[in-house]
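Participant:
Numbering (our numbering), first residue to last: 10 to 514.
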C-alpha cells in the first residue's frame, strides 16, 4: 500500500511537473513572442525614423533632431551581436544621417568616418530582391554624401570615385526598376553632381552633357505626371547648374535665358511653400546667378534688383539660423555681387571682408570662398587707391591675398575657380599698381595660361580666355589679345537660330 501510494504520488508529482513545465514553456513562448514583437516594433520605429521622419526634418532645417535620430538608431543597432542584411542596411542609413548632419554643420573632417563606414556596410549587390530598392537608395545616399565631402574639400579624385559609384548604383537601380520614381530621380541627381564636379575642373563639355542628361531624366519623370513640387525644385536647381555652365562657356545670351527659367521656377515653388527653407535658398541662389550673368553682359542696372533679391533671401534664412555657414557665405557672396552694381564705401567693403575672413577661419576652413575674398580685395584696392593710399602699402595687401591663393593651389592644383582667382588678382596687380616687376608678372600669367593644363581651355572656357587676352595685352601683343576678345564677343551673342528654342533642352 505504501509502495502504491508512493507510486501514485510519483505519478501525481510527475503530472504536476508536466503541467508546470508546460505552463513555463507557454509563458516562455509568450515572453519570446512579446520580445519578438517589441524588437519588430523597435525595428519598425528605426525604419520610420531613418526614412519618413528624417525626410520631414530636412526641409525645416531641424538638424539637431536629425542628428539625434542618427545617434539613437545607431545605438539601438549597435546593441545587436550579429547583423542581418536589414540591420546592416539600417546601420548604414544611421551612419549616413550622422554624416549628413556633420556636412550641414561644415564639420567635414568628422563626417568622413561615418560615411566611409556606411559605404563599406553597403558594398556589393543587394542581398535580396525584397531589399533591392532600399539597398540601392542607401548605397546612393552614402556615396553621394562621401563624394560631397571630398568635393567641398576640393579633393576631386576621391570625389569623382564616390560620385561615379553614386551614378553606377543609380543606373543599376533604374535599369532594374524603370517605373520606380526614386530610382529615376536618383539617376538624375547622380548626373547633376558629376556635372558640378566637371564644371569646377573646367571640363565644360562633360559638365553640360551631364546637366542635360539630368534634366532629360527629370523631364521624363514629370511627363508621366508622377512628380511633385520637390522634383520641380530639383529641376530648377539643375537648370541653374546648366546656366552656370553656359556662363563659363561665354554663351551669356543663352545663359541668361536658362537662369531666368530657373529663377521663375524657384520663385513659383517658394510662393507655393513659403516656409520651406530649401526653396528659399534655391530662390536666393537663382537670383544671384541671374544678377551675375546680367552684370557679365554689361547690364548693371538690370542686375542690381536680382542681387538685392538674393541678399534679402539669405538674410531671411539667417534670421532662422545665424550659425549656418553656407547661408552666411551665400549672403556675403550676394552682397559682393551687389557692390559690383554701385559705388560702395571702403568701410562697407572692409566690413564684408572681415565677415568672410572670420567665416573662413571657422571650424572647417574652406578655400571655396577664396575667389569671393579675392574679388573683395580688388574692390578694396581700387577704393584705397582712389582715396590716395600708398600704392606700395596697397600692393602689400594684394600680395598677401595672392600668397593665400597660391598656397591653396599648391594643395589643390586642379581647382579651376581658385586658379582663375589667382591669375585675375596677379593681372589686376600688374594693371593697377605701377611696379618694375610688371613684365615678369604678366609673363608668369601667360606661361600658366599657355601651359599644358589651361591652353586647351582657350576659346572654350570664357574666364580662361578673358584672362589670356588680358595677359597678352599686358605683354603688348594687341593682335593676339583681340583675336581672343573677338571669340568672346561671338560666344556672348550666340543664340539658337531655330524658332521655339528652349535653351534648357
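Note that beta-carbon positions come from the ideal geometry of N, C-alpha and C, so glycine has one too.
(1) Am I right that residue 362 and residue 382 are in contact with their C-beta atoms under 8 angstroms? What's the rounded C-beta distance?
(2) Give a yes or no on whether the C-beta atoms belonging to residue 380 and residue 432 are separated by under 8 angstroms.
(3) Whose CA, out of 248, 366, 389, lies closest to the CA of residue 407?
(4) How long is the line joining the alpha carbons of residue 134 and residue 209, rounded to whole angstroms?
(5) Considering residue 399, what are the terminal residues of the alpha helix (DSSP H) in which it resides?
(6) Jot down the residue ranges of each uninterrupted beta strand (DSSP E) in the region 123 to 192, minimum 3 residues, whole runs only, in chain order.
(7) Do residue 186 and residue 192 have their C-beta atoms within less than 8 angstroms of each other?
(8) Please report how far the alpha carbon of residue 61 lies from the alpha carbon of residue 104, in whole angstroms.
(9) Since residue 148 contacts residue 124 with CB under 8 angstroms, what's their CB separation in whole angstroms?
(10) Examine the ligand PLP and report whether any of its heavy atoms sits within less than 7 angstroms of the Cβ of residue 250.
(11) Taking just the CA atoms, how far does residue 153 sit from residue 171?
(12) Inspect the CB distances between the region 314 to 331 and the region 272 to 289 and report whether three or more fall short of 8 angstroms.
(13) Just verifying my parser: in three-state terms, what is the DSSP assignment at residue 422?
(14) Would you grab the beta carbon distance between residue 196 and residue 235 for me? Rounded to a whole angstrom, and I think it's under 8 angstroms.
(15) Less than 6 angstroms between C-beta atoms, sequence neighbours within five positions excluded: which residues of the same chain meet that for residue 355?
(16) Where residue 282 and residue 294 are concerned, what is the direct C-alpha to C-alpha distance, given to the nearest angstrom?
(17) If we require 3 or more residues per run, which beta strand (DSSP E) segments fall completely within the region 420 to 493?
(18) Less than 8 angstroms between the C-beta atoms of residue 211 and residue 501, yes or no?
(19) For the alpha helix (DSSP H) that contains residue 228, what are its first and last residues?
(20) Over the uninterrupted alpha helix (DSSP H) stretch that includes residue 94, give me the two end residues.
(21) Quick one: what's got a C-beta closer than 6 angstroms to residue 482's C-beta in the same chain, skipping five residues either side?
(22) With distances taken Cα to Cα, identify the nearest neighbour of residue 136 among 97, 118, 108.
(23) Going by beta carbon distance, what residues of the same chain come within less than 6 angstroms of residue 438, once the five residues before and after it are set aside?
(24) Smallest Cα separation from residue 377: which of 401, 418, 351?
(25) Could you give the distance in angstroms between the alpha-carbon of residue 367 and the alpha-carbon of residue 411?
(26) Classify residue 244 as buried or exposed, calling it buried when 16 or more other Cβ atoms lie within 10 Å of its own Cβ.
(27) What residues in its chain sit with their C-beta under 8 angstroms from that of residue 336, if we drop five residues either side in the sequence?
(28) Report the option in 93, 307, 285, 267 whose CA atom is closest to the CA atom of residue 296.
(29) Alpha helix (DSSP H) containing residue 351: first to last residue?
(30) Less than 8 angstroms between the beta carbons of residue 168 and residue 206, yes or no?
(31) Let me see if you follow: with CB-CB separation under 8 angstroms, is residue 296 close to chain B or not?
(32) Between residue 311 and residue 300, what straight-line distance do the alpha-carbon atoms span, to the nearest angstrom?
(33) Among the residues of its own chain, which have a CB less than 8 angstroms from the CB of residue 119, if the five just before and after it don't count?
Facilitator: By the coordinates alone:
(1) Right, their Cβ atoms sit about 7 angstroms apart.
(2) no
(3) 389
(4) 32 angstroms
(5) No alpha helix (DSSP H) holds residue 399; DSSP gives it neither H nor E.
(6) none
(7) yes
(8) Legend: pLDDT at residue 61 = 49, less than 50; position of this residue unreliable, no value from coordinates given.
(9) 12 angstroms between Cβ atoms; not a contact.
(10) In the structure on display, the ligand PLP does not appear, and there are no ligands present to speak of.
(11) 7 angstroms
(12) yes
(13) coil
(14) The pair is not a contact, with the Cβ atoms about 15 angstroms apart (cut-off 8 angstroms).
(15) 392
(16) 17 angstroms
(17) none
(18) In this structure, residue 211 keeps its C-beta atom at 8 angstroms or more from the C-beta atom of residue 501.
(19) 213 to 232
(20) 94 to 113
(21) So the list reads 490, once near-sequence residues are dropped.
(22) 97
(23) 407
(24) 418
(25) C-alpha of residue 367 to C-alpha of residue 411: approximately 18 angstroms in a straight line.
(26) That one is buried.
(27) 290, 323, 326, 327, 330
(28) The shortest Cα separation from residue 296 among 93, 307, 285, 267 belongs to 267.
(29) Counting along the chain, residue 351 falls outside any alpha helix (DSSP H), and DSSP gives it neither H nor E.
(30) yes
(31) The structure shown contains no chain B, having only a single protein chain.
(32) 8 angstroms
(33) If we look at residue 119 and ignore the five residues flanking it on each side, its Cβ neighbours are 111.
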